[in-house]
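Notes to accompany the following structure.
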Amino acid sequence: MLKPVFAILSVAGVLALGGCETTVNDAYQSLSSEIILRGTNPYIEAPVLKDLEDRIRTIALAPNLDGAFYSTTFNPRNDAILANFDEMFSKDVMMEDITLARAGFDAAAAARYPLTGTQTGCAITDHSGYFVNGEGEPNRFDWEFVKGDCADGIAHGVGEARASAAEARFIGRFDQGVMLEGVFTMVQKDGDRVIQIGGVPAQNRIARLLNTEFRANGFQWHRYGDFNNDGKFSGFGANIWNYTNMMLVKAVGHFEDGKLNGFAAQQDKRKVGEAEVWAVWIGTYADDKMDGVGAWTNGLSDLAVGEWKDGKQNGVAFGQYASYLDSYHEFYAGRYVDGKRHGPFKVLGQNAFVDDGYTVENYNHGEFVDDSDDGLDFGQVFALAAGTAVIGSSNISDMSKVEIGGAFAADVLGGGGNSGNLQSLQQNYQLQQQNGQAGGVAQVAAGTGMQAGGALKTYKATITCEQTGVTSQIDVPYRTEQCRIAAVDFATTYSCNKLDQERVTRNCQSACGHPQCLEQ
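Using numbering that gives the first Met the number 0, the letters of the sequence shown correspond one by one to residues 0 to 519.
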């Protein structure tokens with residue numbers, strides 16, 4: 000993963016718009032007032048799009064503050080973005096890890112593992128654990144055991160290890176010679192220090208962790224979430240650029256092989272007047288690009304909800320515009336083609352609060368043609384309402400509704416009577432729902448019948464929940480070593496009520512051939 004390169008350490012918050020009269024804060028205040036005064040877009044009928052409009056309105060209304068205080072905590076705008084993903088992770092747990100990383104390796108290790116054994120000369124049987132790093136930096140190390148807990152001469156329990164390369168150090172938990180989770184640090188070639196807290200990814204094992212790079216200039220790069228053994232996000236991920244005056248959520252949501260895929264959000268710079276500001280996108284993604292239903296705002300004058308394809312608005316769009324130079328305001332509905340307005344747009348302008356006040360504007364690939372009403376048919380624009388009503392009222396998560404709504408939009412609004420996108424996504428969600436109904440640790444130990452692949456063995460796992468300090472022992476059935484490790488992780492996650500169940504069920508599926516680690 001390439002390092003982000005920064006020319007400045009802080010985010011500029013006061014920039015001129017259209018001359019010296021209007022600042023970024025003035026424009027934000029103007030848009031916020033209009034959002035509150037005007038309410039929601041009257042043309043939006045579909046529940047999925049109403050949900051997205053509510054999300055983007057909440058984000059746009061949250062002030063994007065900066066200053067020394069926000070170098071260590073999220074401002075309201077970034078908090079509002081993260082709140083859309085609280086089904087995937089705990090912000091409190093992430094911030095606890097970030098705070099520990101800022102305190103340094105020794106302090107973080109002492110906080111996580113206050114008691115370390117004193118045995119020496121024990122063997123580390125597996126060196127394949129992956130440590131997230133920059134391009135050209137080491138990811139795996141030839142570890143030497145320093146001291147800790149051992150069983151039969153093999154590292155087992157809490158221990159410390161070091162490697163000569165990059166001044167690497169590790170203190171954490173071993174399982175029969177295998178690094179499972181802990182605190183890691185090293186120094187990169189350019190002198191930047193890395194601290195990693197959490198699980199250790201390996202083959203067939205996705206781990207949730209925090210990786211932070213500390214730059215000499217004060218910038219911090221936090222990556223938190225589920226990583227595979229190639230150092231790529233695989234599941235939930237949050238990419239956070241920590242300036243000296245703001246913690247900015249660059250990207251957050253569901254990743255596959257290091258790219259945004261599924262429900263996600265990101266921020267990127269966009270030009271508004273004479274200012275460069277952080278715009279926000281939220282919705283369904285494919286390979287790092289918005290693809291499906293989504294929403295965006297620049298936080299100063301515009302917000303929109305609708306369809307995207309390959310990162311551009313394509314299809315139905317519902318928007319709101321508030322000029323920061325005068326009192327003009329409008330709601331609109333229409334179609335985009337390849338990121339440009341095309342065809343008729345229904346526009347409810349200025350102080351008109353009823354549909355009688357709308358006009359029709361006609362566009363040709365982004366160019367305004369005229370404002371004559373040529374008998375515009377909005378039947379297809381509102382076709383989403385009927386189909387997504389079922390999705391909007393179904394008993395699934397909001398993020399699932401957005402993704403399924405996006406597939407429905409691609410099928411219905413794309414024409415041709417195709418239903419392949421919706422069917423494919425519904426099948427995927429059925430599988431995810433089955434995996435999510437694991438029901439806790441009891442089911443892990445329930446599969447004790449003889450099955451193919453060797454004799455069934457039982458491992459007595461000792462599980463300590465970090466948040467509560469409660470320790471328990473659970474009998475874990477397994478046939479292969481890789482399944483045993485995955486099953487212990489599964490049992491720990493459900494015993495301690497952690498929020499990364501999706502990760503452990505995928506690990507179980509990969510290591511054991513079953514989402515609950517019931518090895519076949």
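Yeah, the Cβ is synthetic: ideal placement off N, Cα and C, and Gly gets one too. Since this is a predicted model, take the numbers as computed values, not measurements.
| Item | Value |
| --- | --- |
| Measure the CB-CB distance between Val23 and Val251 and report whether it falls below 8 Å. | no |
| Grouping DSSP H, G and I as helix and E and B as strand, with all else coil, what is Lys90? | helix |
| Output needed for Ala165: all residues of its chain with C-beta closer than 6 Å, excluding positions within five of it in sequence on either side, in chain order. | Pro137, Met185 and Val186 |
| Write down the C-beta distance between Phe218 and Phe254 rounded to the nearest angstrom, noting that I regard them as a contact closer than 8 Å. | The Cβ separation is near 23 Å, so there is no contact. |
| Once DSSP output is grouped into helix, strand and coil, what is the label at Lys146? | strand |
| What did DSSP end up calling Ser536 once you bin it into helix, strand or coil? | What the structure shows of the chain is the stretch from 0 to 519, and residue 536 is not part of that stretch, so it cannot be assessed. |
| Could you check what DSSP says for Gln515 in three-state terms: helix, strand or coil? | coil |
| Measuring CA to CA, which of Asn506, Ile473 and Val346 is closest to Ala490? | Ile473 |
| Around the C-beta of Ala122, are 16 or more other C-beta atoms found within 10 angstroms, so that it is buried, or is it exposed? | exposed |
| I need the straight-line Cα distance from Ser300 to Leu114, nearest angstrom please. | 55 Å |
| Nearest to Tyr458 by CA position, among Arg168, Thr117 and Cys482, is which residue? | Cys482 |
| Taking one C-beta from the region 74-83 and one from the region 47-58 each time, how about it: are there three or more such pairs within less than 8 Å? | yes |
| Indicate whether Asp287 and Leu259 have their beta-carbon atoms separated by less than 8 Å. | yes |
| Could you tell me the alpha carbon to alpha carbon distance between Thr117 and Gly135, rounded to whole angstroms? | 35 Å |
| Looking at the unbroken alpha helix (DSSP H) that takes in Val469, where does it start and where does it end? | Note, Val469: premise wrong, no alpha helix (DSSP H); not H, not E. |
| How many angstroms separate the CA atom of Ala321 from the CA atom of Asn506? | 48 Å |
| I need the DSSP call for Asp225, collapsed to helix, strand or coil. | strand |
| Tell me whether Phe262 is buried or exposed, calling it buried when 16 or more other Cβ atoms sit within 10 Å of its Cβ. | buried |
| Go ahead and pull the three-state DSSP assignment for Pro137. | coil |
| Cβ of Ile239 within 8 Å of Cβ of Arg502? | no |
| Which residues in the same chain have their Cβ closer than 7 Å to the Cβ of Ala107, if we skip the five residues on either side of it in sequence? | Leu99, Ala100, Val182, Ile194 and Ile196 |
| CB-CB under 6 Å to Gly348, same chain, minus the five flanking residues each way: which ones, in chain order? | Glu329 |
| Note down, in chain order, each residue of its chain lying with its Cβ closer than 6 Å to the Cβ of Gln265, except the 5 sequence neighbours on either side. | Ala250 and Trp280 |
| Assign Glu52 to one of three DSSP states: helix, strand, or coil. | helix |
| Is Ala486 buried or exposed, if buried means 16 or more other CB atoms sit within 10 Å of its CB? | buried |
| Considering just the uninterrupted stretch of the beta strand (DSSP E) at Leu347, what are its terminal residues? | Gly342 to Gly348 |
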